[in-house]
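Peer 1:
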Amino acid sequence: MIVKVIDQLRQNISLLARLGLAALVLLLLWDVLLLDKSHAHIALERLPGFWALFGLAAAVALIVLARLAAGLGLQTDEDYYDK
Amino acid sequence: MISDFWIHPALLLIIGACALPLVRGAWRLPLLLLVPALAFGAVLSMTPGTFGVVQFADWHLVFGRVDGLSLIFAYIMALMCIIGTIYGLHIRDPYHHMAAWFYVAGSLGTIFAGDLLTLFLFWEIMAFASTFLIWFRGRSQSLAAGYRYLLVHTVGGVVLLAGIILQYQASGSLEFNLLTSSSITAASCLILLGFMLNAAVFPLHSWLPDAYGEASVVGAVFMCAFTTKTAVYTLIRGFAGTEILIPLGVTMALVGVLYAILENDARRLLAYSIISQVGYMVAAVGIGTPLALGGAAAHAFAHILYKGLLFMGVGSVLQMTGTAKFTELGGLYQKMPRTLLLTLVGCASIAAVPLFSGFVSKSLIIAAGLEEHHYLATFLLLAASAGTFLYNGLKLPYLIWFGESRCSSEVWQRAADPPWHMQLAMGLAAFFCLLVGIYFPYLYNMLPQPVAYQPYQAYQLAESLQILAFTGLVFYLLRGWLRPRPTITLDLDWFYRLGGRLFLWLASRPIQATDTAVNNAYRSWGLTPLMTISRFWSWFDWHAIDGVVDGVARGVRGTGERVRRLQAANLQINIFTTVLIVALLLLLYVFAN
Chain U
25 MIVKVIDQLR QNISLLARLG LAALVLLLLW DVLLLDKSHA HIALERLPGF
75 WALFGLAAAV ALIVLARLAA GLGLQTDEDY YDK
Chain P
5 MISDFWIHPA LLLIIGACAL PLVRGAWRLP LLLLVPALAF GAVLSMTPGT
55 FGVVQFADWH LVFGRVDGLS LIFAYIMALM CIIGTIYGLH IRDPYHHMAA
105 WFYVAGSLGT IFAGDLLTLF LFWEIMAFAS TFLIWFRGRS QSLAAGYRYL
155 LVHTVGGVVL LAGIILQYQA SGSLEFNLLT SSSITAASCL ILLGFMLNAA
205 VFPLHSWLPD AYGEASVVGA VFMCAFTTKT AVYTLIRGFA GTEILIPLGV
255 TMALVGVLYA ILENDARRLL AYSIISQVGY MVAAVGIGTP LALGGAAAHA
305 FAHILYKGLL FMGVGSVLQM TGTAKFTELG GLYQKMPRTL LLTLVGCASI
355 AAVPLFSGFV SKSLIIAAGL EEHHYLATFL LLAASAGTFL YNGLKLPYLI
405 WFGESRCSSE VWQRAADPPW HMQLAMGLAA FFCLLVGIYF PYLYNMLPQP
455 VAYQPYQAYQ LAESLQILAF TGLVFYLLRG WLRPRPTITL DLDWFYRLGG
505 RLFLWLASRP IQATDTAVNN AYRSWGLTPL MTISRFWSWF DWHAIDGVVD
555 GVARGVRGTG ERVRRLQAAN LQINIFTTVL IVALLLLLYV FAN
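Keeping their order, the protein sequence lines are chains U and P.
With the first letter of the first sequence counted as 1, position 25 gets the number 49 in the numbering used here; the numbers rise by one all the way through.
With the first letter of the second sequence counted as 1, position 257 gets the number 261 in the numbering used here; the numbers rise by one all the way through.
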């Protein structure tokens, strides 16, 4: 049953992508139009879509940092310690 | 009088472990289910108080300090022992279960220890027993990894013991309470270092992926739960509010994420993820307010469940296909759908998706950080959360179960959902992950101090969902950068692994050369006179003593032969037996009093 559901989803991958995009837009709309920001801790948080931007920036920064570290020679062959 | 009756759950596990090899056939299964259940029952039946007090020489040893903090940790440890044992029911080798139970007993003993000496005793049982969980994988690499693990923890244990001795000398008491109340001393620093090593605090962390990546499938499920979280317990107890732990914890959270993003071996990825998650707890201990300490305990509780679940899911893949490397997997949803579904619960929990356990525990730590105005630290922890969703919520399931299949035909054929008991264990863990996430008072009511905190508020939900959703977008756009590569990533264990090689070189080259030179000199200057003398004695021996000695010699040779055989037997079994006997004697002595 699980396999069938996943197969179905994979066949409609473009629909899924559009749904995902719609969810992102809805989240942003919620943030801009409805959300009570009196609970914010720092002033920056009151920017519209702050947490969306934060997530975006954090994820990109972590991937770039990791790839940088790998490029500096931290990433190496699997048999490194056996040589 | 029922409160006077107190039985140590560790004792139940140790007795059960010792009985296991004696029980064969159909009786083993009930025993495997019964003993952890009894230990869990013993924890459930406890009421706060001080039990198992023993006067040993000049020392006042406390085996049972039962309070809110020790109870929540003991509860989750005993529960995980049940789940882990069910997961490993297929293992026929009784010594494998025995090592696991001794390991859990060590952890429970540490948690209930009211004094530093008892703590140290169980601390070492934990280190020794868990080493066997690595060795039972049975590969040559795991043998080496096990020795490295044992050496690192022996060094950590010695540092801890040194601290304990200094502490005893300075204060005249072995009591284990907050160690930071007076000024900073060498003793408390050494004890902190010992605890930090077991909590895998950066830069003392690299033993963890090295060992957990090589442990047996079931061994890793146990190891991921006990060592680091027991250390978190000791940090809460001894070092709450030690500010240095905040930057250290944040560093752990971020370093763990970076390594996990690069990792190709799914179990090593999960190991780095432990470092990252324990980073949250360590930072929370550093913050030190009741809300933060409650957060550390709650996160440890949630973490044991979802990390156990993740190690069980990936362990099932390793067990069934023979590999846990992303470069050799992919597209497995068709072959292992149930494992996928259950593992996804673990992924959602660790990524702190609302309605899953990580969300209600991590929010406590974040809220405590913001409340105390540690803005930089808290925002970095939130960034690490985005990373956690990236590598554990998206990369891990995507590269194993979705995308193109990189499986060899053999891997593809072998792949299937694991036996029923493994699925049952995963199902249990998944159930508790959801229970904690949905009905959070279950967890919050167990916290040592009540917290007035409501995780499901509009602002927190918006914050979490935005971070998660936009991290998902980044994954979708940059997934090419995360494609698996057949590589390893060097970590700080490089220093001692190559240091060991340098020592080997020293031993084999310069030291060997000196030895040879001395031998040669001895041969030419010492041997000739000796030969002459010995020829005389040989004559004397032949004619006079032989008759008398012959009989004695035969006896000696027989004994020597037996001793030789004893020594040649497996070294690991010898160590295990020795430790076992010592532990048993100690416990017998203690409980006989």
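All C-beta atoms in this analysis are idealised placements derived from N, C-alpha and C, irrespective of residue type, glycine included.
Just so we're clear, the structure is a prediction, and the values are computed from it rather than from any experiment.
(1) Indicate the three-state DSSP secondary structure (helix, strand or coil) for P/W10 in the structure shown.
(2) Can you give me the Cβ contacts of P/A433 inside the same chain, cut-off strictly under 6 Å, excluding the 5 residues immediately before and after it?
(3) With DSSP run on the structure shown, which of helix, strand or coil describes P/I492?
(4) Would you say P/Q470 faces chain U, with C-beta separation under 8 Å as the test?
(5) Could you check if P/Q600 is buried or exposed, using at least 16 other CB atoms within 10 Å of its CB as the buried criterion?
(6) Do you know whose CA, among P/V156, P/A174, P/G223, lies nearest P/L197's CA?
(7) Taking only beta-carbon positions, decide if U/V84 is within less than 8 Å of chain P.
(8) Within 10 angstroms of its Cβ, does U/K61 collect 16 or more other Cβ (buried), or is it exposed?
(9) Please classify P/G68: does DSSP put it in a helix, a strand, or coil?
(10) Tell me, please, whether the CB atom of P/E408 is closer than 8 Å to any CB atom in chain U?
(11) Can you name, in chain order, every residue of its own chain whose Cβ lies under 8 Å from the Cβ of P/S7, other than the five neighbours on each side?
(12) If you run the structure through DSSP and keep just helix, strand and coil, what is P/G53?
(13) Can you list, in chain order, the stretches of the alpha helix (DSSP H) that have 4 or more residues and sit fully within the stretch 410-472 of chain P?
(14) Return the chain-ordered list of same chain residues with a C-beta closer than 6 Å to the C-beta of P/S605, the five sequence neighbours on each side being excluded.
(15) In the DSSP output, which residue or residues are listed as bridge partners for P/F60?
(16) For P/V318, which residues in the same chain have their Cβ closer than 8 Å to its Cβ, ignoring the five residues on either side in sequence?
(17) Below 8 Å between beta carbons is the criterion; list the residues of the stretch 338-350 of chain P that meet it against any residue of chain U, in chain order.
(18) Could you confirm whether any beta carbon from chain P is found closer than 8 Å to the beta carbon of U/L48?
(19) Any idea what DSSP makes of P/D269, helix, strand or coil?
(20) Please name the residue or residues paired with U/Q99 in a DSSP beta bridge.
(21) Whole angstroms are fine: how far does the CA of P/L164 sit from the CA of P/F199?
(22) Provide the residue(s) that pair with P/D119 in DSSP beta bridges, ordered along the chain.
(23) Assuming P/L394 and P/F479 make a contact with CB atoms under 8 Å, what is their CB distance in whole Å?
(24) Do P/I279 and P/V254 have their C-beta atoms within less than 8 Å of each other?
(25) Using three-state DSSP, classify P/K339 as helix, strand or coil.
(26) Only counting the same chain, and skipping five residues up and downstream in sequence, which positions put a Cβ closer than 7 Å to that of U/K107?
(27) Please classify P/A46 as buried or exposed, where buried requires at least 16 neighbouring CB atoms within 10 angstroms.
(28) What's the call for P/F9, buried or exposed, on a 16-neighbour Cβ count within 10 Å?
(29) Taking the C-alpha atoms as reference points, what is the distance between P/I369 and P/P488?
(30) Have a look at P/Y172 and P/D119 and give me their C-alpha separation to the nearest angstrom.
(31) So P/W529 is in the alpha helix (DSSP H); what residue range does that whole segment cover?
(32) Please list, in chain order, the chain P residues whose beta carbon lies closer than 7 Å to that of U/V27.
(33) Using only the alpha-carbon positions, how far apart do P/L322 and P/I138 sit?
(34) Report the residues of the stretch 222-240 of chain P with a CB closer than 7 Å to any CB of chain U, ordered along the chain.
(35) Per DSSP, what kind of secondary structure is P/M5 in: helix, strand or coil?
(36) So that I know if they touch, is there some Cβ in chain U lying closer than 8 Å to that of P/L212?
Peer 2: Result, derived from the coordinates:
(1) Translated into positions along the second sequence, residue 10 of chain P becomes position 6. Shown here, P/W10 sits in coil according to DSSP, grouped into three states, outside any helix or strand.
(2) Counting from 1 along the second sequence, the entry for residue 433 of chain P is found at position 429. Answer for P/A433: I87, L309, G312, L313, listed in chain order.
(3) Mapped onto the second sequence, residue 492 of chain P falls at position 488. DSSP places P/I492 in strand when its eight states are reduced to three.
(4) For the purposes of this step, residue 470 of chain P is taken as residue 466 along the second sequence, with counting starting at 1. It does; some Cβ of chain U falls within 8 Å.
(5) No statement about residue 600 of chain P is possible, as the shown extent of chain P runs from 5 to 597 and does not include it.
(6) Position 193 of the second sequence holds residue 197 of chain P. Among P/V156, P/A174, P/G223, the Cα nearest to that of P/L197 belongs to P/V156.
(7) On the first sequence, position 60 is the one that residue 84 of chain U refers to. Look at U/V84: its C-beta is under 8 Å from a C-beta on chain P.
(8) Numbered from its first residue, the first sequence carries residue 61 of chain U at position 37. So U/K61 counts as exposed.
(9) Within the second sequence, numbered from 1, the residue matching residue 68 of chain P stands at position 64. Note: P/G68 maps to strand in three-state DSSP.
(10) Sequence index remark: in the second sequence, residue 408 of chain P carries index 404 (1-based). It does not; no Cβ of chain U falls within 8 Å.
(11) If you number the second sequence from 1, residue 7 of chain P lands on position 3. The pLDDT assigned to P/S7 is 48, lower than 50, so where the model puts this residue is not dependable; a value taken from the coordinates is nonetheless given after this. Closer than 8 Å at Cβ, skipping near neighbours: T51, G53.
(12) Here residue 53 of chain P corresponds to residue number 49 of the second sequence, with the count starting at 1. In the three-state DSSP reduction, P/G53 falls in the strand class (E or B).
(13) The stretch 410-472 of chain P contains these whole alpha helix (DSSP H) runs: 413-418, 424-442, 445-448.
(14) Beyond the ends of chain P as shown, which are 5 and 597, falls residue 605 of chain P; an answer cannot be given.
(15) Locating residue 60 of chain P in the second sequence gives position 56, where the first residue counts as 1. DSSP lists P/W63 as partners of P/F60.
(16) Reading the second sequence from its first residue, position 314 is the one you call residue 318 of chain P. Leaving aside the five residues that flank P/V318 on each side, the residues in its chain whose CB is nearer than 8 Å to its CB run, in chain order, A270, R271, L274, A328, T347, L400, I404.
(17) Answer in chain order: Q338, P341, R342, L344, L345.
(18) The residue labelled residue 48 of chain U in the question sits at position 24 within the first sequence. Chain P contact via Cβ: present.
(19) As a working mapping, residue 269 of chain P is identified with position 265 in the second sequence. DSSP places P/D269 in strand when its eight states are reduced to three.
(20) Taking the first residue of the first sequence as position 1, residue 99 of chain U is located at position 75. Residue pairing by DSSP puts U/Q99 in a beta bridge opposite P/T493.
(21) As a working note, residue 199 of chain P is residue 195 in the second sequence. As a working note, residue 164 of chain P is residue 160 in the second sequence. CA-CA distance, P/F199 to P/L164, rounds to 7 Å.
(22) What you label residue 119 of chain P is simply residue 115 of the second sequence in a count that begins at 1. Beta-bridge pairing links P/D119 to P/E179.
(23) Indexing the second sequence from 1 puts residue 394 of chain P at position 390. Indexing the second sequence from 1 puts residue 479 of chain P at position 475. Contact annotation, P/L394 with P/F479: C-beta distance approximately 6 Å; criterion of less than 8 Å satisfied.
(24) Numbered from its first residue, the second sequence carries residue 279 of chain P at position 275. Numbered from its first residue, the second sequence carries residue 254 of chain P at position 250. Taking a C-beta distance under 8 Å as the contact criterion, P/I279 and P/V254 do not qualify as a contact pair.
(25) For the purposes of this step, residue 339 of chain P is identified with residue 335 of the second sequence, where counting begins at 1. In the structure shown, P/K339 sits in coil (DSSP, three-state: anything other than H, G, I, E or B).
(26) Taking the first residue of the first sequence as 1, we reach residue 107 of chain U at position 83. Correct list: empty, nothing qualifies.
(27) For this step, residue 46 of chain P is matched to residue 42 along the second sequence. It counts as buried.
(28) Taking the second sequence and counting its residues from 1, one reaches residue 9 of chain P at position 5. Exposed is the call here.
(29) Translated into the one-based positions of the second sequence, residue 369 of chain P becomes position 365. Translated into the one-based positions of the second sequence, residue 488 of chain P becomes position 484. Between the C-alpha atoms of P/I369 and P/P488 there is a straight-line separation of about 33 Å.
(30) If you number the second sequence from 1, residue 172 of chain P lands on position 168. If you number the second sequence from 1, residue 119 of chain P lands on position 115. Computed Cα separation, rounded: 11 Å.
(31) Locating residue 529 of chain P in the second sequence gives position 525, counting from the first residue. From DSSP, the alpha helix (DSSP H) with P/W529 extends over 516-529.
(32) As a first step, residue 27 of chain U must be located in the first sequence, where it is residue number 3. Ordered by position in chain P, the residues that pass the 7 Å Cβ test against U/V27 are Y337, Q338, P341.
(33) As a first step, residue 322 of chain P must be located in the second sequence, where it is residue number 318. As a first step, residue 138 of chain P must be located in the second sequence, where it is residue number 134. Distance between the alpha carbons of P/L322 and P/I138 is about 15 Å.
(34) Against chain U - using a Cβ distance shorter than 7 Å - the stretch 222-240 of chain P contributes no residues.
(35) Indexing the second sequence from 1 puts residue 5 of chain P at position 1. Residue placement at P/M5 is flagged as unreliable, the pLDDT there being 37, under the threshold of 50; a coordinate-derived value is accordingly withheld.
(36) Numbered from its first residue, the second sequence carries residue 212 of chain P at position 208. No, P/L212 lies away from the interface with chain U (no Cβ there is under 8 Å from its Cβ).
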